[in-house]
Amino acid sequence: MTEATIFNEKDGSSCLQAEGDTILRAALRAGQGYSYECNSGGCGGCKFELVSGEIETLWADAPGLTDRDRKRGRHLACQCRACGPVTIKAASAAEYQPKIPPRRQRAHLLATRDITHDIREFRFLAEQAADFLPGQFAMLDLPGIESSRAYSMANTGNGQREWHFQIRRVQHGHGTHVLFDKLAVGDEIGLDGPYGVAYLRSAAPRDLVCVAGGSGLAPMVSIARGAVESGLLADRKLYFFYGARTPRDVCGESLLRTLPGFGDRIIYIPVVSLPGDDGEWSGETGYVHDTVARALPDALASYEFYFAGPPPMTQALQELLMVGHKVPFEQIHFDRFF
Numbered sequence: 005m006t007e008a009t010i011f012n013e014k015d016g017s018s019c020l021q022a023e024g025d026t027i028l029r030a031a032l033r034a035g036q037g038y039s040y041e042c043n044s045g046g047c048g049g050c051k052f053e054l055v056s057g058e059i060e061t062l063w064a065d066a067p068g069l070t071d072r073d074r075k076r077g078r079h080l081a082c083q084c085r086a087c088g089p090v091t092i093k094a095a096s097a098a099e100y101q102p103k104i105p106p107r108r109q110r111a112h113l114l115a116t117r118d119i120t121h122d123i124r125e126f127r128f129l130a131e132q133a134a135d136f137l138p139g140q141f142a143m144l145d146l147p148g149i150e151s152s153r154a155y156s157m158a159n160t161g162n163g164q165r166e167w168h169f170q171i172r173r174v175q176h177g178h179g180t181h182v183l184f185d186k187l188a189v190g191d192e193i194g195l196d197g198p199y200g201v202a203y204l205r206s207a208a209p210r211d212l213v214c215v216a217g218g219s220g221l222a223p224m225v226s227i228a229r230g231a232v233e234s235g236l237l238a239d240r241k242l243y244f245f246y247g248a249r250t251p252r253d254v255c256g257e258s259l260l261r262t263l264p265g266f267g268d269r270i271i272y273i274p275v276v277s278l279p280g281d282d283g284e285w286s287g288e289t290g291y292v293h294d295t296v297a298r299a300l301p302d303a304l305a306s307y308e309f310y311f312a313g314p315p316p317m318t319q320a321l322q323e324l325l326m327v328g329h330k331v332p333f334e335q336i337h338f339d340r341f342f
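So, in structure tokens, the structure goes:
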């Protein structure tokens, strides 16, 4: 497919879609602020209307579109490619303009290590500097997998060209099957990033709260590491909650313990929803959002919140913060993944 021009009738912007890009990636690569979150077809944040021209839909059944959306002629910019010049109507805002425009490069698997029984860290060495903000994610093109997979970085931007991902094995998941069972040290993948708007806000004057569940651990660890590196914790605290199903799923403490200020400026609070009857677990139990509401010493509206994890967890946190405690929307940062 040759380059195609994309014109957005809503904001008057235009960009060129290069070979292999979706409409969304082309816009973000050009520095434009198209609305989006997951970049994977799940959230529906990048819906648009086609005014003229022809497009190719990559995933017709993507859950980010409802039946009503389809009847109204809406499409997902992350799952569509222009087949020639197109005019669309897509929402955009300054907050979505990438601080660091995403770029494609090749990367090789450098090393792996197990974090839990089903979460493994994958370290890749890329062609160029690892330029991203704490809390962002990248799209990985894996051998034998047709579509890209979105995974968050656990480290922070660096000149050593290293991108670290902490990924949870998904039962029957094609992407994680390749990563866990087929990819060997030295193997090559495609890496495109960074993406995501739930990155660390260094100008915010409030104490930080990170809430992670499952492989949502990675971006929250990145946020914590970034807060330390930028000096944010010199005069504030970071509360790190990790929600796990069982005691053996609990993780994160060993990663945070290596950071200056752990136990003082960095407070780690694991929560287990199914502790069992053997008395093995003596910490917090129940749902992690309930513990967040109970354990923080001040009114919730006085904190800056970052969270990542399973959709039920992120939905419960949104309702707790925005509806239950009127936390201003600009103090809440998350990217929806499904």
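Using our numbering, the first residue of the sequence shown is number 5, and each one after it goes up by one. For every residue, glycine included, the Cβ atom is placed at its ideal position computed from N, Cα and C.
Under the Cβ criterion (8 Å, minimum of three pairs), the region 140–155 counts as touching the region 184–196. Counting of Cβ neighbours within 10 angstroms places S152 among the buried residues, the total reaching 16 or more. Beta bridge pairing from DSSP links S96 with Y38. C-alpha of A142 to C-alpha of F338: approximately 15 Å in a straight line. Per the C-alpha coordinates, the member of R117, V276, V331 and P102 positioned closest to S286 is V276. One alpha carbon belongs to D135, the other to P198, and they sit about 8 Å apart. Taking a contact to require three or more Cβ pairs closer than 8 Å, the region 167–175 and the region 235–248 do not qualify as touching.
In the structure shown, the three-state DSSP call for E166 is strand. Here F333 is exposed. Its C-beta has fewer than 16 other C-beta atoms within 10 Å.
V292 counts as buried, since at least 16 other C-beta atoms from the protein chains shown sit within 10 angstroms of its C-beta. Proximity of the region 20–33 to the region 75–93 meets the contact definition, three or more beta-carbon pairs being nearer than 8 Å. For I149, no beta strand (DSSP E) run applies, since DSSP gives it neither H nor E.
Checking the DSSP bridge columns, you'll see C214 partnered with F244 and Y310. For the pair L325 and L304, the CB atoms are nearer than the 8 Å cut-off. In the same chain as A98, and ignoring 5 residues on each side of it, the C-beta atoms closer than 6 Å to its own belong to G37, in chain order. Within the region 116–202, the complete beta strand (DSSP E) segments of 3 residues or longer fall at 123–130, 141–145, 153–156, 166–172 and 192–199, listed in chain order. G88 is classed as exposed because its beta carbon has fewer than 16 other beta carbons within 10 Å across all chains shown. Nearest in C-alpha terms to R249, of all of G46, D122 and A231, is D122. Here E166 is not near R124, since their CB atoms are 8 Å or more apart. Collapsing the DSSP output to three states places P251 in a helix. In this structure, the beta-carbon distance from V90 to I59 falls below 8 Å.
Here A64 is exposed, its C-beta having fewer than 16 other C-beta atoms within 10 Å.
Nearest to F52 by C-alpha distance, out of G77, D211 and T318, is G77. Nearest to D191 by alpha-carbon distance, out of H112, L129 and V215, is H112. Annotation: Q101 to A208 spans about 19 Å, alpha carbon to alpha carbon. Put simply, the backbone Cα of L183 is about 18 Å away from that of S44. About 16 Å separates the Cβ atoms of Q109 and L32, ruling out a contact at the 8 Å cut-off. Going by DSSP, S219 is part of no beta strand (DSSP E) at all; its letter is neither H nor E. When the Cα atoms are used, V215 and T9 turn out to be separated by approximately 40 Å. Within the same chain, and ignoring the five residues on either side of Y310 in sequence, the residues whose Cβ sits closer than 8 Å to its Cβ are G139, A202, L204, L212, V213, C214, V215, P223, M224, I227, H337 and F338. For the 8 Å CB-CB criterion, G163 and A133 form a contact.
Nearest Cα to G46 within the set S219, L80, P105 and L20: L80. Distance from the CA of D73 to the CA of G49, rounded to the nearest whole angstrom, comes to 12 Å. Using a 10 angstroms sphere on the CB of T318, the tally of other CB atoms reaches 16 or more, which defines it as buried.
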